[in-house]
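Peer 1:
Here is the structure:
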């Protein structure tokens, strides 16, 4: 089954691929790897903003991370690479966090679980997840990715 | 000499490989590279927590970073890859830091020096080291890695 | 035209390659990729320090990010790799930020725009840019890089 068909089966609709907010490109392919720029969480076209902790709850944070993951897939689709995904290799999760919020892994799972839902075993990836004080445009979460492609 | 033998010679005992604290896997191999997920610092089974600065001293931070490095090796061992390490390519060091703590490089050396101790010239790597406000489970340090493997 | 000639044409003079501030090396080549360690912003030999926001203005931050980019090129030059650059694949931008500063993309453009200025289309890269509370030596910006090389 193609990834596009699998997304349809899951009822997952990808967002429009967001334009970079600055001087870079969304995806670079080098050899059999695609490097995807850090993606921000848009839900229904609106950026999820704020810091995890008192300001933003865990459930909303998980949704935000999932939205970052969907945007990674949208960028791959826009680059004509979505059906060439062989393996999600690595996700880097940056979670805007108040100083006492330590549940970054649960937040980043929003993106990680999406990849396994869509790609099965090929969606299982290495990951780092860290807290940061603030992200571009006050986004709640940013996720970048390294993805292996079939030739 | 195998890496396993070299560790024995140095008297270094690896910790049990920690289970991921969320939905990802510890190591993904893609081509000749192993991507190791961000590892947290367990010493004698206990996570080293807190922020570098007034709360946590430099020596303890260095020990924590070394513990992250040992956990990277433990994950490689658990994946059957330890004796296939050809080069430590890149370490990413995230140091939980109070706002005026600027000695992240010295902390991250705990992991970097370990790699050179174990692998010699093949342990010399590229690195980034940055301060972060807070890490998963309130860990003091997190280190991820890209490692080249022999076929 | 060689990169060295292109830099001369642009009137860009590279800084002396800074020695690592700790136990790592500036560049590791693995296959056709060069991994460049996180570089700090030196302008006329002086490190640009402070946090973006009230303490440090946007224009100075952009200059700092450009200085990080120049140092990446200086490290490639010192390693004899500058004229083998095939593509700037990925930049990782870490911007020391006060909690309400959300313009990290504009800051990181200092490095990104430099790459496009020097390498043209081959300088267009994937990127992540995040805020951090503090960087080594109180640097304002740190940028690391993955770069594809010709054989």
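Residue numbers (our numbering), protein chains in the order written: chain A, 3 to 153; chain B, 3 to 153; chain C, 3 to 153. We put the beta carbon where it would ideally sit given N, CA and C, even for glycine. No experiment lies behind these values; they were computed from the predicted model shown.
Should residue 146 of chain B be labelled buried (16 or more other beta-carbon atoms within 10 Å of its own) or exposed?
Peer 2: Counted from its first residue, the second chain places residue 146 of chain B at position 144. Answer is buried; the Cβ neighbour count reaches 16.
Peer 1: Can you find a C-beta in chain B that's less than 9 Å from the C-beta of residue 140 of chain C?
Peer 2: Stepping through the third chain from its first residue, residue 140 of chain C is reached at position 138. Yes, contact with chain B.
Peer 1: Using a C-beta cutoff of 9 Å, does residue 28 of chain A count as contacting chain C?
Peer 2: Within the first chain, numbered from 1, the residue matching residue 28 of chain A stands at position 26. Answer yes: the Cβ-Cβ gap between residue 28 of chain A and chain C drops below 9 Å somewhere.
Peer 1: Taking DSSP's pairing of strands, which residues face residue 37 of chain C in a bridge?
Peer 2: Residue numbering aside, residue 37 of chain C sits at position 35 when the third chain is read from its first letter. Residue 37 of chain C is bridged to C:30 and C:148.
Peer 1: Counting only the same chain and skipping the five closest in sequence on each side, list residues whose C-beta sits under 8 Å from that of residue 39 of chain B.
Peer 2: For the purposes of this step, residue 39 of chain B is identified with residue 37 of the second chain, where counting begins at 1. The answer, listed in chain order, is 22, 26, 27, 28, 29, 77 and 146.
Peer 1: Determine whether the beta carbon atoms of residue 142 of chain A and residue 60 of chain A lie at a separation below 9 Å.
Peer 2: Position 140 of the first chain, counted from the first residue, corresponds to residue 142 of chain A. Position 58 of the first chain, counted from the first residue, corresponds to residue 60 of chain A. Not in contact: residue 142 of chain A and residue 60 of chain A (Cβ atoms no closer than 9 Å).
Peer 1: Output, in chain order, the set of chain A residues within a Cβ distance shorter than 7 Å of residue 130 of chain C.
Peer 2: Here residue 130 of chain C is taken as the residue at index 128 of the third chain, counted from 1. Going along chain A in sequence order, the residues near residue 130 of chain C (Cβ under 7 Å) are 39, 40, 94, 144 and 146.
Peer 1: Beta-carbon within less than 7 Å of residue 70 of chain A's beta-carbon, same chain only, minus the 5 sequence neighbours each way: which residues are those?
Peer 2: By one-based count along the first chain, residue 70 of chain A stands at place 68. Counting only Cβ-Cβ distances below 7 Å, and skipping sequence neighbours, we find 41, 42, 43, 113, 143, 144 and 145.
Peer 1: Would you verify that the beta carbon of residue 112 of chain C is, or is not, closer than 9 Å to some beta carbon of chain B?
Peer 2: In the third chain, the residue the question calls residue 112 of chain C occupies position 110. Chain B contact via Cβ: absent.
Peer 1: Mind listing, in chain order, the continuous alpha helix (DSSP H) runs of no fewer than 4 residues lying wholly within the region 51 to 88 of chain A?
Peer 2: 60 to 80, all fully within the region 51 to 88 of chain A.
Peer 1: Thinking C-beta only, is residue 152 of chain B closer than 9 Å to residue 68 of chain B?
Peer 2: Residue 68 of chain B sits at position 66 when you count from the first residue of the second chain. Residue 152 of chain B sits at position 150 when you count from the first residue of the second chain. No; because the gap between Cβ atoms is not below 9 Å, this pair is not in contact.
Peer 1: Using DSSP with H/G/I as helix, E/B as strand and the rest coil, what is residue 21 of chain A?
Peer 2: Residue 21 of chain A sits at position 19 when you count from the first residue of the first chain. DSSP places residue 21 of chain A in coil when its eight states are reduced to three.
Peer 1: Output needed for residue 99 of chain A: all residues of its chain with C-beta closer than 8 Å, excluding positions within five of it in sequence on either side, in chain order.
Peer 2: Stepping through the first chain from its first residue, residue 99 of chain A is reached at position 97. Excluding residues within five positions, the ones whose Cβ falls inside 8 Å are 53, 54, 55, 106, 133, 134 and 135.
Peer 1: Is there a C-beta anywhere in chain C that falls below 9 Å from the one on residue 1 of chain B?
Peer 2: No information on residue 1 of chain B is available, as it lies outside the stretch 3 to 153 that chain B covers here.
Peer 1: Beta-carbon within less than 7 Å of residue 8 of chain B's beta-carbon, same chain only, minus the 5 sequence neighbours each way: which residues are those?
Peer 2: Position 6 of the second chain holds residue 8 of chain B. The residues are 120.
Peer 1: For residue 92 of chain B and residue 131 of chain B, I'd like the C-alpha separation in whole angstroms.
Peer 2: Counting from one through the second chain, the residue named residue 92 of chain B turns up at place 90. Counting from one through the second chain, the residue named residue 131 of chain B turns up at place 129. Cα to Cα, the separation comes out at about 11 Å.
Peer 1: Using only alpha-carbon positions, find the residue among C:115, C:83 and C:16 that is nearest to residue 36 of chain C.
Peer 2: In the third chain, counting from the first residue as 1, residue 36 of chain C sits at position 34. Closest option to residue 36 of chain C, Cα to Cα, is C:83.
Peer 1: Can you name the start and end residues of the beta strand (DSSP E) that residue 130 of chain B belongs to?
Peer 2: On the second chain, position 128 is the one that residue 130 of chain B refers to. Looking at the DSSP string, the run of the beta strand (DSSP E) that includes residue 130 of chain B is 128 to 134.
Peer 1: Only counting the same chain, and skipping five residues up and downstream in sequence, which positions put a Cβ closer than 6 Å to that of residue 94 of chain B?
Peer 2: The count along the second chain starts at 1 and reaches residue 94 of chain B at position 92. Cβ neighbours of residue 94 of chain B beyond the five flanking positions: 130 and 146.
Peer 1: Counting contacts by CB-CB distance shorter than 9 Å, is residue 66 of chain A in contact with chain C?
Peer 2: For this step, residue 66 of chain A is matched to residue 64 along the first chain. Output row for residue 66 of chain A: interface = no.
Peer 1: Please report how far the alpha carbon of residue 138 of chain B lies from the alpha carbon of residue 150 of chain C, in whole angstroms.
Peer 2: Taking the first residue of the second chain as position 1, residue 138 of chain B is located at position 136. Taking the first residue of the third chain as position 1, residue 150 of chain C is located at position 148. Approximately 33 Å between the Cα atoms of the pair.
Peer 1: First and last residue of the alpha helix (DSSP H) that includes residue 107 of chain C?
Peer 2: Counting from one through the third chain, the residue named residue 107 of chain C turns up at place 105. Run containing residue 107 of chain C: 106 to 121, per the alpha helix (DSSP H) assignment.
Peer 1: Give the DSSP bridge partners of residue 98 of chain B, in chain order.
Peer 2: Locating residue 98 of chain B in the second chain gives position 96, where the first residue counts as 1. Partner(s): B:134.
Peer 1: Hey, residue 16 of chain B and residue 58 of chain B are a contact pair by Cβ (cut 8 Å); roughly how many whole angstroms apart?
Peer 2: Reading the second chain from its first residue, position 14 is the one you call residue 16 of chain B. Reading the second chain from its first residue, position 56 is the one you call residue 58 of chain B. Incorrect: roughly 24 Å between the Cβ atoms, too far for contact.
Peer 1: Would you verify that the beta carbon of residue 58 of chain B is, or is not, closer than 9 Å to some beta carbon of chain C?
Peer 2: One-based indexing of the second chain puts residue 58 of chain B at position 56. It does not; no Cβ of chain C falls within 9 Å.
Peer 1: Run through chain B and tell me which residues come within less than 7 Å of residue 150 of chain A, C-beta to C-beta.
Peer 2: Counted from its first residue, the first chain places residue 150 of chain A at position 148. What residue 150 of chain A touches in chain B: 32.
Peer 1: Short of 8 Å in beta carbon distance, which residues of its chain neighbour residue 72 of chain B, apart from the five on each side in sequence? Order them along the chain.
Peer 2: Here residue 72 of chain B is taken as the residue at index 70 of the second chain, counted from 1. The answer, listed in chain order, is 14, 16, 17 and 116.
Peer 1: Going by alpha carbons, who is nearest to residue 46 of chain A out of A:32, A:19 and A:123?
Peer 2: As a first step, residue 46 of chain A must be located in the first chain, where it is residue number 44. Among A:32, A:19 and A:123, the Cα nearest to that of residue 46 of chain A belongs to A:19.
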